[in-house]
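The opening position of the sequence shown corresponds to residue 0 in numbering that gives the first Met the number 0, with each subsequent residue numbered one higher. Think of the CB as a built atom: it goes at the ideal place given N, C-alpha and C, for glycine as much as any other residue. It should be emphasised that the depicted structure is a prediction, and the values quoted were computed from it without experimental measurement.
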Amino acid sequence: MSIQKAILKEYERSRTNAEIKLKELTKQIYTQFPEIKTLDSEISKIGIELAKATLSKSGDIEALITEINEKNMDLQIKKAEILHANGYPKDFLTIKYNCSKCNDTGFIGKDRCSCYKQKLINYAYKEANLSMVTKNENFDTFDFSYYTDTAHPNLNMSGKEMAKLAYNAALDFTSNFDLKFNNLLFTGSTGVGKTFLCNAIAKELLDKGKTVLYLTAFELFKKIEDYRFNKGDNDFPEDPLNHILSVDLLIIDDLGSEFLTSLTTAELFNCVNARLLNKKHTVISTNLPLSELKNHYSDRTLSRIIGNYSILEVYDQDIRFKKISKA
Ligand SMILES: Nc1ncnc2c1ncn2[C@@H]1O[C@H](COP(=O)(O)OP(=O)(O)O)[C@@H](O)[C@H]1O
Ligand SMILES: [Mg+2]
Ligand SMILES: [Zn+2]
């Protein structure tokens, strides 16, 4: 099902739910206050009178309509007063939609309501395998104060300087996404902001309308494996392997944390290589230093990465501990 269709279905469901809810409340109120039921039936009679008046050609129609409307108003007020006197809000028996701007239709006239746009974003996040929580990790919230002046043991750079390089490369990657074919590899120990940067990149590109798929290495290999072994007897919405290879941006987070088998080694090469051939951008993060990546995966995978990815090391103490002591 297309996203548009799914969203319209969602709206249909919310409207039905609102109607059911109102029916239940009405039933409950009618039992408690039969006089409201009487008022309601008078109100609906007036509705018919009004329709007739609008159609009739004789007499002073305008005056008749005004009179009917006034009668209607009186009845509505009476009804509201009874509700109010008994501790209910005056509009207790009016239908309540999730969005009062578009009454859960998704549209205001011909324009999409803001709730429709929000739904589109939610779907894009879901498709990308990202939770809304990660929305808080973006380029605006990236905090450089967590990084220190501690010098890297081998490079003539501090943690802060390296974080700036990684941040700028990530930002540049997103702003030139259509202009420049590039791939990124973030390497560094645990808790230095590698996943944070992946999320910031994902968010930026989702907002630009790109298709993004975020997978931990564990999820990636599991998806591929499930696909290989269930091939044919599973009705996936889309061929998952094709999606992995063709999505505008694939993020493989935490490479090296998965179970290593000869299959994963081959699949990683396949994935990295196919995406390079298709000129599809890939971002990888790993806790492993390059030297260890080489031991884990094949030489040819590593040479593809070194030849086609910007390698960005993030170096500092674990930010998670700093966050706890700051809170
Ligand atoms: N630059 C940053 N500014 C603010 N919070 C950060 C930053 N980098 C990391 N964090 C936070 O620190 C924690 C660990 O970061 P994470 O990106 O998961 O590290 P890694 O993926 O390198 O192990 C997370 O809670 C994350 O939100
Ligand atoms: Mg991480
Ligand atoms: Zn709306």
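By Cβ distance below 6 Å, which residues in the same chain neighbour F91 in space, the five residues on each side in sequence not counted? L82
Which whole-angstrom value is the C-beta distance of K202 and N137, which I expect to be below 8 Å? 5 Å
Check: R111 C-beta below 7 Å from any heavy atom of ligand 1: no
Run the proximity test for Y115: is its beta-carbon closer than 7 Å to any non-hydrogen atom belonging to ligand 3? yes
Kindly indicate which residue of N68, T300, T260, P33 has the alpha-carbon position closest to the one of I45. Measuring from the Cα of I45, the nearest candidate turns out to be N68.
Which of the three DSSP states, helix, strand or coil, is assigned to T215? strand
Separation of N307 from R274, as counted between CA atoms: 11 Å
Host beta strand (DSSP E) of Y308 (start-end): 308-312
Check whether the stretch 188-208 touches the stretch 160-178, taking contact to mean three or more Cβ pairs, one atom from each stretch, closer than 8 Å. yes
Along the chain, where does the beta strand (DSSP E) containing I251 start, and where does it finish? 248-254
Taking only heavy atoms of ligand 1 into account, decide whether any of them is closer than 7 Å to the Cβ of F91. Not a single heavy atom of ligand 1 lies less than 7 Å from the C-beta of F91.
Mind checking I323: buried by the 16 CB within 10 Å criterion, or exposed? exposed
Own chain partners of V341 with C-beta closer than 6 Å, once the 5 adjacent residues on each side are dropped: The requested residue 341 does not occur in the structure, where the chain is confined to residues 0 to 326.
Considering only residues of the same chain and omitting the five flanking positions on each side of S309, which have a CB-CB separation below 6 Å? Correct list, in chain order: A168, L183.
What does the Cβ neighbour count give for L54, buried or exposed, with the cut at 16 atoms within 10 Å? exposed
If we call anything under 8 Å between Cβ atoms a contact, is M161 one with V313? yes
List the residues that DSSP assigns as beta-bridge partners of A150. As computed with DSSP, A150 is found in a beta bridge with S157.
Would you tell me roughly how many angstroms separate the C-alpha atoms of G105 and L119, rounded to the nearest one? 11 Å
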